[in-house]
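Since the structure comes first, as structure tokens, the remarks are kept for the end.
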Amino acid sequence: MTTEPQGNIVSATWSKTIEPPGQCPASADVVIIGGGIIGVATAWFLAQDGVDVVLCEKGHIAGEQSSRNWGWIRKQGRDIRELPMMIQSHRIWRNFEEETGEDVGYAEGGCYYLAATEKAVENYESWIPTAKEFELDTRVIQGGELTNHFENTAQAWPGALYTASDGRAEPHKATLAIARVASRLGASILSGCAVRGIETEAGRVSSVVTEHGTIKTSAVLCAAGAWSSTFCRSLGISLPQLKVKGTVARTAAGPKILDGQCFDKRVAIRRRQDGGYTVAYGGGGLVHPITPSTFRFAFKFLPALKQEIGTTTLAINGDFFRELATPVRWALDRESPFEKQRVLNPAPSKRTLKIIRRNLNEVFPALKNTDIVETWAGMIETTPDVVPVIGPEESLPGFFIATGLSGHGVGIGPGVGKAAAGMLTGKDSGIDLKPFRLSRFFDGSPIELGPAL
Ligand SMILES: Cc1cc2nc3c(=O)[nH]c(=O)nc-3n(C[C@H](O)[C@H](O)[C@H](O)COP(=O)(O)OP(=O)(O)OC[C@H]3O[C@@H](n4cnc5c(N)ncnc54)[C@H](O)[C@@H]3O)c2cc1C
Numbered sequence: 032m033t034t035e036p037q038g039n040i041v042s043a044t045w046s047k048t049i050e051p052p053g054q055c056p057a058s059a060d061v062v063i064i065g066g067g068i069i070g071v072a073t074a075w076f077l078a079q080d081g082v083d084v085v086l087c088e089k090g091h092i093a094g095e096q097s098s099r100n101w102g103w104i105r106k107q108g109r110d111i112r113e114l115p116m117m118i119q120s121h122r123i124w125r126n127f128e129e130e131t132g133e134d135v136g137y138a139e140g141g142c143y144y145l146a147a148t149e150k151a152v153e154n155y156e157s158w159i160p161t162a163k164e165f166e167l168d169t170r171v172i173q174g175g176e177l178t179n180h181f182e183n184t185a186q187a188w189p190g191a192l193y194t195a196s197d198g199r200a201e202p203h204k205a206t207l208a209i210a211r212v213a214s215r216l217g218a219s220i221l222s223g224c225a226v227r228g229i230e231t232e233a234g235r236v237s238s239v240v241t242e243h244g245t246i247k248t249s250a251v252l253c254a255a256g257a258w259s260s261t262f263c264r265s266l267g268i269s270l271p272q273l274k275v276k277g278t279v280a281r282t283a284a285g286p287k288i289l290d291g292q293c294f295d296k297r298v299a300i301r302r303r304q305d306g307g308y309t310v311a312y313g314g315g316g317l318v319h320p321i322t323p324s325t326f327r328f329a330f331k332f333l334p335a336l337k338q339e340i341g342t343t344t345l346a347i348n349g350d351f352f353r354e355l356a357t358p359v360r361w362a363l364d365r366e367s368p369f370e371k372q373r374v375l376n377p378a379p380s381k382r383t384l385k386i387i388r389r390n391l392n393e394v395f396p397a398l399k400n401t402d403i404v405e406t407w408a409g410m411i412e413t414t415p416d417v418v419p420v421i422g423p424e425e426s427l428p429g430f431f432i433a434t435g436l437s438g439h440g441v442g443i444g445p446g447v448g449k450a451a452a453g454m455l456t457g458k459d460s461g462i463d464l465k466p467f468r469l470s471r472f473f474d475g476s477p478i479e480l481g482p483a484l
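The sequence shown begins at 32 in the numbering used here and counts up one residue at a time.
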């Protein structure tokens, strides 16, 4: 028997109690805002170098995007600007369990972008020169060979873009595990501790004001995910960022259909460590809730909106009025917007869940009798070119940004953490961060759109 998805069944990961810290440390070399994968990975690399780092998370570690994602760790199809950092990230994922003894569910079973038509196969061929340039094992496989990669499917695809070494990890484990490792190395990881704002002296960062006290510091990293634009705006910094809701389902353990993960216009599916599958609606199901930011940043986002037509629908709902009611600035001795919403926990779309069930049955009939046992949604945050912002903010010395991971930040997360730690300490991480500077959206540079979300 299959069950109809039942709305918002939240997992223990994000329904758990938030325990505020007793007291904040009085000072730190670096303060990180946000306990998603970017924040914790940066804390981990800083702690490895003996940097005194405090990470403040308003809710609990990995409460937002970093535990709600599909868990794909892929190099294939990435924007060329991201590839050097992604290749480093992949190495870190590969060695993480052996180096740290922490289980993140990392496995390599390959990643497939399945083509519905011969034309789509040709389009995938166009990515092969990039793969060659970066010495990736990505290739296009044709229908005959492709059949051998799948079990129990009624479907025949003419071909696919395929990378055998692309991996996956379990989102409900990975970020928490990195946080534990960082903490063991001396990082202070505080949950239930919203950062309200920054204080300055002589025009540069001098401290961070949290709901539990002030931390003296000269360096702050904003890794606040979907909240980064709101936080930056309160400092007078414009960070173009919009949000898109993605709905996801998890099945019980079921028959094996593939080893890794595949994307088809109807189904995006990944095999889980527990023998179940994380499933989404491949070609659609994303919803952009229209907010005042949509209008503020409309011009910059036009190319991205055009690219996402067909996969993303626009909706007006309570988010519009919530954002409208959010002040641009607030007093730092009062409750801030970040304490009002500890965990961004949008309701999954019932319509999308129905499509997920139907498409799963059609594409992988072997899973027809495998129940969907959990559903959720996550707010993906994105930039106008769908590529992250990582860099120092010139207008406020001591303030750094690492955000806008645009739907693919888990795979590249450890690489971003390494690069961001290098940016904060001046240590060479081997990664050129120029393509990720915030000023690209303001200095007249053309918007070079990366691949879809
Ligand atoms: C449905 C879905 C599917 C996805 N699938 C994939 C995938 O398969 N592969 C992949 O690589 N990526 C995927 N992603 C994207 C990926 O999850 C994100 O890019 C990544 O998790 C972003 O990490 P982050 O640390 O920047 O943000 P987040 O994980 O959102 O963390 C930011 C944290 O900052 C905290 N915060 C905000 N403001 C404050 C404040 N003022 N004080 C203290 N704390 C604050 C928030 O509470 C939050 O916990 C997916 C995302 C979603 C939603």
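Every residue, glycine too, gets a C-beta built ideally from N, C-alpha and C. Nothing here was measured: the structure is a model prediction, and the numbers come from that model.
beta-carbon residue i near ligand 2 non-hydrogen atom, thresh 6 angstroms
i	result
F369	By its list of ligands, the structure shown excludes ligand 2, since it contains just ligand 1.
Own chain residues within Cβ distance below 6 angstroms of residue i, not counting five before or after
i	result
T322	D350, F351 and E354
D474	none
L345	H319 and I321
T44	Bear in mind that a pLDDT of 43 at T44, under 50, signals an unreliable position, so the number given afterwards is only what the model happens to contain. Hits under 6 angstroms: S98 and H203.
F76	G448, K449 and A452
S380	T278
I209	V71, A72 and W75
G461	none
Heavy atom of ligand 1 within 6 angstroms of residue i beta-carbon
i	result
A225	yes
C142	no
G65	yes
K449	no
N100	yes
C263	no
A72	no
Q96	yes
C253	no
H121	no
V279	yes
H439	yes
W407	no
C87	yes
G315	no
I403	no
Proximity to residue i [Cα-Cα], best of the options
i	options	result
I288	D168, E182 and Y144	E182
E166	A200, K106 and Q304	K106
A205	W258, I411, N179 and I69	I69
F395	A284, A74, Q79 and Q186	Q186
A200	A283, R365, I111 and W101	W101
A191	G141, K163 and I403	G141
L391	A356, G314, S426 and A329	G314
A311	K337, R360 and R388	R388
W407	T401, E393 and L317	L317
D83	E339, E393 and L216	L216
I386	R297, G81, S437 and I403	R297
D305	M454, V135, Q54 and L480	V135
K458	T383, G81, P52 and V404	G81
V62	S157, I220, E129 and T194	I220
P423	S470, T184, A397 and L398	S470
I478	T148, D416 and Y308	D416
S259	S476, T342, T231 and F431	F431
Sequence-distant residues of its chain with Cβ nearer than 7 angstroms to residue i (five each side left out)
i	result
E242	C224, A225, R227 and E370
F262	I64, C253 and A255
E113	V418 and I443
G67	A93, E95, Q96, S97, T206, A254 and G256
S196	E139 and D168
P23	Given a span of 32 to 484 for the chain in the structure shown, any question on residue 23 remains unanswerable.
Cross-strand partners of residue i (DSSP beta bridge)
i	result
A356	DSSP, once it has assigned bridges, lists no residue as partnering A356.
C293	Y143 and I300
A311	A299
M410	K276
H319	L345
Y193	Y143 and R170
T434	V420
Cutoff 8 angstroms; reference residue i; Cβ partners in own chain excluding five residues on either side
i	result
T178	A187
P358	P368
K276	L317, V318, H319, P320, P377, S380, A408, G409, M410 and I411
G174	A187, W188, P189 and G190
P482	G108, R109, D110 and V417
Chain D contact for residue i (CB, 7 angstroms cutoff)
i	result
A210	The chain inventory of the structure shown lacks chain D, comprising one protein chain alone.
Stretch pair the segment 83-96 + the segment 460-474: three plus CB contacts closer than 8 angstroms
no
Are the segment 267-280 and the segment 114-124 in contact at 8 angstroms, needing three or more beta carbon pairs?
no
Could you tell me whether the segment 326-333 touches the segment 280-295, where touching means 3 or more Cβ pairs closer than 8 angstroms?
no
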